[in-house]
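Engineer: Below: one structure in structure tokens.
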Amino acid sequence: MSFGRHLLRGPFFLTSCAATVLIGGGMYYKEYSACNYKIDRKLDNVTAIVTGTTSGIGQATAKKLAEAGMYDLHNYFLIICSTVLGARVIMACRDMEKCKEERRNIILQTRNKRVVCRHCDLASLKSIAEFAEMINREESKVNLLINNAAVMYAVPLPTVDGFEPHISVNFLGPFLLTLLLLDKLKSSAPSRIINLTDASCKRAKINFDDFNAEQCSRKEAYERSKLASVIWTRELAKRLQNSDVTVNDVFPGYTETEIGRHVKSKFVRLVSWPARKLGLQSVDKAANVVLNIAISSDYADKSGCTFRYDKAAKCCSQMEFGEEVNDPRTQLRLWMTAEKWTKANEVLQQYLNNVQQKPREEVEKKK
């Protein structure tokens with residue numbers, strides 16, 4: 000018996016077949032059970048801000064917003080006449096070179112030139128304030144704010160403001176950014192705010208005595224920052240009750256993105272590769288979950304909720320949380336803590352002063 004025939008009949012061949020079937024079946028199930036939501040309307044009258052769009056879920060979300068209606072046969076005539084059906088998308092990013100590259104790719108693929116790059120570093124309160132001031136000055140409306148940018152297991156070096164990076168980028172940054180854009184969102188109503196979160200936050204506890212996460216691991220710091228976002232969403236929803244602006248959290252599911260790029264161990268990356276390929280969905284499918292909550296009329300009246308995609312039911316369902324998340328006292332204390340740490344009231348007052356000063360300067364120039 001030749002060596003080749005021995006392989007075809009031996010345990011190696013059987014193991015290879017079993018592995019092929021297992022991997023193929025797993026990948027088919029992953030694709031079949033994922034969210035296949037498609038934007039069901041034109042978005043040419045919508046202005047959307049998405050943070051963290053140079054890769055991952057943010058990049059996929061920005062692209063889908065820009066191409067809305069592009070593949071609908073009912074819009075075929077409009078498309079061939081070069082009518083833009085997608086949203087005006089503002090890509091808020093720290094790395095402008097990468098942002099411009101992704102913008103070019105999105106425009107080439109969607110033919111939507113209303114995609115723009117704006118600098119916003121969520122690890123810098125100054126950068127956030129400058130971005131918000133520019134948006135409030137230049138944009139006539141903002142209908143959708145998707146707080147997508149995040150860091151995971153980042154090296155615990157303090158930000159320029161002295162904050163631990165997870166609490167800064169994943170919570171304090173989006174908190175300040177949203178507050179500075181609230182008036183614009185209200186005047187553009189109906190509007191929606193979407194905060195991306197992670198199911199792992201259910202393991203965390205808010206520690207106000209170690210709010211800057213100086214006495215915990217990077218894993219704990221990440222989970223705490225995501226839990227803080229969930230609690231804040233509920234407090235913000237209460238404050239927006241009569242404004243026709245909604246705010247919700249979305250856990251898009253475990254996704255193969257670059258958020259874990261700070262994990263340096265090659266061994267961990269190698270060992271986890273099969274699990275990532277079989278268990279993690281694509282960024283395209285994750286973006287579908289985000290946009291389902293952000294765009295679909297099914298969730299227009301929902302606010303203060305946390306949604307995740309239910310593979311069995313093939314729809315988005317609410318995640319349940321314990322007493323800490325739903326405690327009004329914790330919600331208020333977290334809000335006040337974030338307000339103090341970001342100096343939100345001072346920043347808002349400075350912004351109002353700038354707005355009032357510019358018309359006076361224009362009058363002086365005319366004289």
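Under numbering that gives the first Met the number 0, read the sequence shown as residues 0 to 366, first letter to last.
We put the CB at the ideal spot given by N, CA and C, even for glycine.
1. Just to confirm, are Asn247 and Cys34 a CB contact at a threshold of 8 Å?
2. Give the range of the alpha helix (DSSP H) segment to which Ala65 is assigned.
3. How about Leu107 and Gly85: do their beta carbons lie closer than 8 Å?
4. So, helix, strand or coil for Val141, using DSSP?
5. Could you check which residue in Leu333, Lys41, Thr50, Gly57 has the C-alpha nearest to that of Lys284?
6. Whose CA, out of Ser316, Thr232, Ala293, Asn241, lies closest to the CA of Gln330?
7. Please say whether Leu175 and Val346 have beta carbons closer to each other than 8 Å?
8. Tell me the residue span of the alpha helix (DSSP H) that contains Asp326.
9. Can you tell me the Cα-Cα spacing of Ile166 and Asp309, whole angstroms?
10. Should Thr109 and Glu138 be called a contact, given that it needs their Cβ atoms to be closer than 8 Å?
11. Confirm, please, whether the CB-CB distance from Val45 to Asn142 is below 8 Å.
12. Taking C-alpha atoms, which residue in Asn211, Ala227, Ala188 lies nearest to Pro173?
13. Inspect the beta-carbon positions of Cys116 and Gly51 and report whether they are closer than 8 Å.
14. In the structure shown, what three-state DSSP assignment does Asp283 receive?
15. Residues in the same chain with beta-carbon distance under 6 Å from Cys304, minus the five sequence neighbours each way, listed in chain order, please.
16. So Leu180 is in the alpha helix (DSSP H); what residue range does that whole segment cover?
17. I'd like to know if the region 178-190 and the region 150-170 are in contact, where contact means that at least 3 CB-CB pairs between them fall below 8 Å.
18. Starting from Gln240, follow the beta strand (DSSP E) in both directions and report where the run begins and ends.
19. Using only the alpha-carbon positions, how far apart do Gln349 and Ala311 sit?
20. In the DSSP output, what is Thr254 paired with across the bridge?
21. Per DSSP, which residues does Met90 bridge with? Please list them.
22. Since Arg103 is in the alpha helix (DSSP H), which residue starts that stretch and which ends it?
23. What are the boundary residues of the beta strand (DSSP E) that includes Thr305?
24. From this set, Asp326, Ala343, Ala47, Glu129, which residue's C-alpha is nearest Ala188's C-alpha?
25. For a test of the three-state rule: what should DSSP assign to Val249, helix, strand or coil?
26. Between which residues of its own chain and Ala148 is the CB-CB distance below 7 Å, once the five residues before and five after are set aside?
27. By DSSP's criteria, Ser302 is part of a beta bridge. Which residues make up the other side?
28. Which of the three DSSP states, helix, strand or coil, is assigned to Leu333?
29. Hey, how far is the Cα of Lys218 from the Cα of Thr254?
30. Roughly how many angstroms separate the alpha carbons of Phe266 and Ala153, rounded to a whole number?
31. Skipping 5 residues on each side, what residues in its chain have a beta carbon closer than 6 Å to that of Met26?
Structural biologist: Per the coordinate set shown:
1. no
2. 55-65
3. no
4. coil
5. Gly57
6. Thr232
7. yes
8. Asp326 -> no alpha helix (DSSP H), and no H or E assigned at all.
9. 28 Å
10. no
11. yes
12. Ala227
13. no
14. helix
15. Asn247, Gln317
16. 172-186
17. no
18. Run containing Gln240: none; DSSP gives neither H nor E here.
19. 50 Å
20. Gln280
21. Val49, Cys116
22. 95-109
23. 305-309
24. Ala47
25. strand
26. Thr50, Gly51, Gly57, Leu121, Val168
27. Note: Ser302 sits in no beta bridge, so no partner.
28. helix
29. 17 Å
30. For Phe266, the pLDDT reaches just 48, beneath the cut-off of 50, and the residue's location in the model is therefore unreliable, although a value from the coordinates is still provided. Each residue's alpha carbon lies about 18 Å from the other.
31. Its pLDDT being 45, under 50, Met26 is placed unreliably by the model, and nothing is read from it.
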